[in-house]
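A.B. asks:
There are 2 protein chains.
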Amino acid sequence: MQRRLLSSAVRCFAANGFHATTTRDIAECVGLSPAALYVHFPSKELVLFEIIRAGHEQVLTYVRDPGILALENSADRLRAIVSAYTRWHARHHVTARVCQMELNGLTAEHYGEIVELRHQTNGFFRGAVARGVADGSFARVDVKRVTRAMLSLSIDLVRWYRLDGSDSPEQLGEFYAELALKLVTPSRGTAGG
Amino acid sequence: MQRRLLSSAVRCFAANGFHATTTRDIAECVGLSPAALYVHFPSKELVLFEIIRAGHEQVLTYVRDPGILALENSADRLRAIVSAYTRWHARHHVTARVCQMELNGLTAEHYGEIVELRHQTNGFFRGAVARGVADGSFARVDVKRVTRAMLSLSIDLVRWYRLDGSDSPEQLGEFYAELALKLVTPSRGTAGG
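For the protein sequence lines, the chains are A and B, in the order given. Going by this note's numbering, the first residue of the first sequence is number 382, and it counts up by one from there. Going by this note's numbering, the first residue of the second sequence is number 382, and it counts up by one from there.
#1: Give me, in chain order, the residues of the same chain whose beta-carbon lies closer than 6 Å to that of Ser-424/A; leave out the 5 immediate sequence neighbours on both sides.
#2: Which residue wins for smallest C-alpha separation from Leu-387/B, given the options Glu-431/B, Arg-529/B, Glu-497/B and Leu-553/B?
#3: Compute the beta-carbon to beta-carbon distance between Tyr-542/A and His-474/A, rounded to the nearest angstrom, for a pair I have assumed lies under 8 Å.
#4: Straight-line CA distance for Tyr-443/B to Asn-454/B?
#5: Just verifying my parser: in three-state terms, what is the DSSP assignment at Leu-452/A?
#6: Please confirm if the segment 477-491 of chain B is in contact with the segment 391-400 of chain B, defined as three or more CB-CB distances below 8 Å between the two stretches.
#7: Counting C-beta neighbours from all protein chains within 10 Å, is the total for Gln-481/A 16 or more, i.e. buried, or is it exposed?
#8: Inspect the beta-carbon positions of Val-565/A and Gly-513/A and report whether they are closer than 8 Å.
#9: For Glu-426/B, which three-state DSSP category applies?
#10: Straight-line CA distance for Val-440/B to Arg-460/B?
#11: In angstroms, rounded to a whole number, what distance separates the CA positions of Val-411/A and Val-391/A?
#12: Can you pull the chain B neighbours of Asp-537/A, defined as C-beta to C-beta under 7 Å?
#13: Strictly below 7 Å CB to CB, what residues from chain A border Gly-398/B?
#14: Determine the chain B residues that contact Leu-564/A at a beta-carbon separation under 7 Å, and present them in chain order.
#15: Taking Ile-536/B as the reference, give the member of Tyr-557/B, Asp-548/B, Gly-546/B and Leu-418/B with the closest Cα.
#16: Got a sec? Which residues, its chain only, sit under 8 Å from Gly-573/A by beta carbon, not counting five neighbours each side?
#17: Using a Cβ-Cβ cut-off of 8 Å, state whether Phe-556/A counts as contacting chain B.
#18: Can you look up Phe-399/A in the DSSP assignment and give me helix, strand or coil?
#19: Going by the CB atoms, is the gap between Val-510/B and Val-524/B shorter than 8 Å?
#20: For Tyr-419/B, report the span of its alpha helix (DSSP H) as first-last.
#21: Determine the contact status of Phe-506/A and Ile-462/A, defining contact as a CB-CB distance below 8 Å.
#22: Please name the residue, chosen from Arg-526/B, Ser-549/B, Glu-559/B and Pro-567/B, that lies closest to Glu-555/A on a Cα-to-Cα basis.
#23: Once you ignore the five residues that flank Ile-407/B on each side, which residues in its own chain have a CB closer than 7 Å to its CB?
#24: Assuming His-491/B is part of the alpha helix (DSSP H), what are its boundary residues?
#25: Along the chain, where does the alpha helix (DSSP H) containing Ala-520/A start, and where does it finish?
#26: For Gly-412/A, does the three-state DSSP call read helix, strand or coil?
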């Protein structure tokens with residue numbers, strides 16, 4: 382029942398936002414009364430926190446995959462990390478939308494916990510970019526800004542992605558991985574001037 | 382007063398979302414009763430539509446600037462269009478957040494009008510990419526997907542941009558313009574494999 386409540390809440394929050402969703406909306410989708418929901422989750426904020434926490438932990442698991450960290454070649458490693466991050470956001474795009482867009486519904490304490498998870502995830506990204514800059518396989522880019530741009534690409538897909546669209550999560554992951562590589566490839570000074 | 386109501390509504394919608402904002406919230410910020418708001422806007426949806434319509438028209442004006450369309454060099458033209466689009470989203474990031482994230486609060490008819498404006502704006506982007514592909518200054522990229530990625534970069538800034546952050550709208554515009562160029566620069570086959 383807890384699982385069904387969470388998946389009902391994800392749909393409600395993604396469609397109407399946390400603030401406009403009532404516990405009644407969440408409970409009614411699974412045939413419960415709001416009072417019955419409180420047995421599982423004492424507050425609506427705790428439902429949101431559980432969704433966002435679990436989502437962020439999954440993303441972190443994706444990007445710190447031992448198989449990725451074992452990749453010696455910096456381009457291969459960056460490609461794998463971008464692809465994994467993108468794939469998660471595409472495959473779970475409804476949950477991902479809540480994870481990315483409803484953070485302002487969290488209490489300050491819970492928000493702090495999520496920010497910590499995001500820092501860890503973003504750290505693997507930044508590390509992958511910095512590694513290639515350091516070993517000379519990437520251009521000497523502004524690591525922080527370029528990493529933020531790579532994250533932006535994948536995060537923004539929660540706004541438009543559909544599973545029945547033209548790209549599977551895997552295809553989009555590969556495409557964004559190639560774009561990420563382009564952002565760090567040393568310029569040969571043609572179109573870029 | 383209409384202007385003050387709209388700017389109050391932008392703040393409310395950006396902070397809590399359209400669905401969770403009441404006409405009372407909007408009116409009280411400017412010292413009016415909800416009834417007085419209805420003199421100016423017969424429904425909350427019309428307030429949202431006016432904000433989103435005006436925002437999208439401004440963006441369209443930015444990207445179809447005659448100065449941009451007069452640029453003969455394809456790289457210069459793409460750089461100018463990305464920079465203008467990014468600059469608008471950064472400078473007006475609170476309004477832009479409503480324009481990008483609250484489209485599902487619109488009626489079907491109003492949504493259709495906005496989609497039409499978006500198609501026009503996106504058409505200038507796609508045109509700028511396709512032009513460079515056609516004249517050989519850009520790589521033979523997938524125009525539709527690459528254009529979508531460029532748009533994503535600028536749209537996602539509405540989630541995190543702050544005017545007191547490290548980049549001014551102009552600086553971020555220039556940075557994203559350079560990134561956009563990298564996405565279309567012919568590969569020299571190093572990091573990208």
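Quick reminder that beta carbons are idealized off the backbone N, C-alpha and C, glycines included.
C.D. replies: Judging by the given coordinates:
#1: Apart from sequence neighbours up to five positions away, no residue of its chain approaches Ser-424/A with a beta-carbon distance below 6 Å.
#2: Here the closest residue by C-alpha is Glu-431/B.
#3: Going by Cβ atoms, the distance from Tyr-542/A to His-474/A rounds to 4 Å, so yes, they are a contact pair.
#4: The C-alpha of Asn-454/B is placed about 19 Å away from the C-alpha of Tyr-443/B.
#5: The answer is coil: DSSP assigns Leu-452/A none of H, G, I, E or B.
#6: The segment 477-491 of chain B, when compared against the segment 391-400 of chain B, does touch it at the 8 Å Cβ threshold.
#7: Gln-481/A counts as buried, since no fewer than 16 other beta carbons sit within 10 angstroms of its beta carbon.
#8: Between Val-565/A and Gly-513/A, the C-beta spacing is below 8 Å.
#9: Residue state, collapsed to three classes: helix.
#10: Approximately 16 Å between the Cα atoms of the pair.
#11: About 13 Å.
#12: Chain B residues near Asp-537/A: Ser-533, Ile-536 and Asp-537.
#13: Within chain A, the residues placing a beta-carbon under 7 Å from that of Gly-398/B are Gly-398, His-400 and Ala-401, ordered along the chain.
#14: Listed along chain B are Leu-560 and Lys-563, each with a C-beta nearer than 7 Å to that of Leu-564/A.
#15: Ranking Tyr-557/B, Asp-548/B, Gly-546/B and Leu-418/B by Cα distance to Ile-536/B puts Tyr-557/B first.
#16: Reliability of the predicted coordinates at Gly-573/A is poor, the pLDDT of 40 falling under 50, and the value obtained from them is presented with this limitation in mind. Closer than 8 Å at Cβ, skipping near neighbours: no residue.
#17: Taking Cβ atoms only, chain B reaches closer than 8 Å to Phe-556/A, which makes this a yes.
#18: Phe-399/A: coil per DSSP, three-state reduction.
#19: Yes; because the gap between Cβ atoms is below 8 Å, this pair is in contact.
#20: Note, Tyr-419/B: alpha helix (DSSP H), 415-421.
#21: Yes; because the gap between Cβ atoms is below 8 Å, this pair is in contact.
#22: Closest by alpha carbon: Arg-526/B.
#23: Once the five neighbours on either side are set aside, the close Cβ partners of Ile-407/B are Leu-386, Ser-389, Ala-390, Cys-393, Leu-418 and Val-428.
#24: First-last of the alpha helix (DSSP H) with His-491/B: 489-515.
#25: First-last for Ala-520/A: undefined, no H or E at that position.
#26: In the structure shown, Gly-412/A sits in coil (DSSP, three-state: anything other than H, G, I, E or B).
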